[in-house]
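Asks: With this note's numbering applied, the sequence shown covers 15 to 210. The C-beta atom is built at its ideal place from N, Cα and C for all residues, glycine as well. This is the structure, below, for whatever I ask next.
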Amino acid sequence: MSSKSQGFTLVEMMVSVTILSLVMLATVTGLRTLASTQSSLNAVTDRNDEIRSVSSFLRDALESAVVGSSSGGLTVGGGGAEMTVFESSPTQLIWKTTMLFGESAGGSFVVRVARENPNIVLRWQKMDARGQIDDWNNAAARTLVEGVQEFSVAYRREREGAWLSEWDDRGPPGWVRLRVQSAERYWPDIVMEVAQ
């Protein structure tokens, strides 16, 4: 009687090792793709959170703008000594607003949102007794957006009017638009109605 040996041949072993290697390669590639997708998704989520928080903050600050009584504009002071505090240029926006810092600090401040390379920076300060403000470089500051390639401010007076970038000094506008590009992508335009 001849005894037949039990087991796998060399060809069967090579085929099974090759199939196992291909399965392992597909699994590792899938895991790498999943990790890459997760990091891309986190970057997009972080960018959307940044856009949402900055937009919300700026909308709240413009909605609580201090409105003067005699000229219909944003003013500071009292009686006949009111002066308009709303200024715009293609790269900055200045207005007076009420802001709350924490639970117990806050008040009426003149704020400026401007590009200070390479960031968009919020600066704020109180006016002195004469209604004057100090140099903006000495004001308290907070970076709103880092690594900005473009920041522009435009405004319009009527709802359907043209967007203007050069300030005409006729009092506060009806709407303000901020355009931001960071991380090589444009944000959706931030369009805010100004309190009247």
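So, helix, strand or coil for residue 166, using DSSP?
Replies: Within the sequence shown, the letter at position 152 stands for residue 166. Reduced to three states, the DSSP call for residue 166 is strand.
Asks: First and last residue of the alpha helix (DSSP H) that includes residue 77?
Replies: Here residue 77 is taken as the residue at index 63 of the sequence shown, counted from 1. Where residue 77 is concerned, the enclosing alpha helix (DSSP H) stretches over 24-77.
Asks: Kindly list the residues whose CB is nearer than 6 Å to the CB of residue 108, restricted to its own chain and excluding five residues on each side of it in sequence; keep chain order.
Replies: The residue you call residue 108 lines up with position 94 of the sequence shown. Excluding sequence neighbours, residue 108 sits near 101, 126.
Asks: Between which two residues does the beta strand (DSSP E) carrying residue 208 extend?
Replies: Counting from one through the sequence shown, the residue named residue 208 turns up at place 194. Unbroken run through residue 208: none, as it is neither H nor E.
Asks: When you compare each of 132, 183, 146 to residue 158 by their alpha carbons, which one comes out closest?
Replies: Mapped onto the sequence shown, residue 158 falls at position 144. Nearest of 132, 183, 146 to residue 158, Cα basis: 132.
Asks: Using a Cβ-Cβ cut-off of 8 Å (strictly less than) and excluding sequence neighbours within five positions of residue 95, which residues of its own chain qualify?
Replies: For the purposes of this step, residue 95 is taken as the residue at position 81 of the sequence shown. The predicted model places residue 95 with a pLDDT of 33, which falls under 50 and marks its position as unreliable; any figure quoted below should be read in that light. Cβ within range, chain order: 145.
Asks: I need the straight-line Cα distance from residue 47 to residue 196, nearest angstrom please.
Replies: Taking the sequence shown and counting its residues from 1, the one referred to as residue 47 is at position 33. Taking the sequence shown and counting its residues from 1, the one referred to as residue 196 is at position 182. Whole-angstrom Cα-Cα distance: 26 Å.
Asks: Would you tell me roughly how many angstroms separate the C-alpha atoms of residue 69 and residue 155, rounded to the nearest one?
Replies: Sequence index remark: in the sequence shown, residue 69 carries index 55 (1-based). Sequence index remark: in the sequence shown, residue 155 carries index 141 (1-based). Distance from the CA atom of residue 69 to the CA atom of residue 155, rounded to whole angstroms, is 17 Å.
Asks: Starting from residue 157 and walking both ways along the beta strand (DSSP E), at which residues does that stretch end?
Replies: The residue you call residue 157 lines up with position 143 of the sequence shown. From DSSP, the beta strand (DSSP E) with residue 157 extends over 154-159.
Asks: Using the Cα positions of residue 188 and residue 198, report the straight-line distance between them to the nearest angstrom.
Replies: Position 174 of the sequence shown, counting from 1, holds the residue named residue 188. Position 184 of the sequence shown, counting from 1, holds the residue named residue 198. Their Cα atoms are separated by approximately 30 Å.
Asks: Check whether the stretch 170-177 and the stretch 38-52 touch, using three or more Cβ-Cβ pairs below 8 Å as the test.
Replies: no
Asks: Does DSSP classify residue 201 as helix, strand or coil?
Replies: What you label residue 201 is simply residue 187 of the sequence shown in a count that begins at 1. The answer is coil: DSSP assigns residue 201 none of H, G, I, E or B.
Asks: Return the residue from the list 202, 24, 191 that minimises the CA-CA distance to residue 76.
Replies: Within the sequence shown, numbered from 1, the residue matching residue 76 stands at position 62. The option with the nearest alpha carbon to residue 76 is 191.
Asks: What distance in whole Å lies between the Cβ atoms of residue 67 and residue 111, which are believed to be in contact at a cut-off of 8 Å?
Replies: As a first step, residue 111 must be located in the sequence shown, where it is residue number 97. As a first step, residue 67 must be located in the sequence shown, where it is residue number 53. Wrong, their Cβ atoms sit about 17 Å apart, outside the cutoff.
Asks: Do you know offhand how far residue 28's Cα is from residue 38's?
Replies: Counting from 1 along the sequence shown, the entry for residue 28 is found at position 14. Counting from 1 along the sequence shown, the entry for residue 38 is found at position 24. Between residue 28 and residue 38, the C-alpha separation is close to 15 Å.
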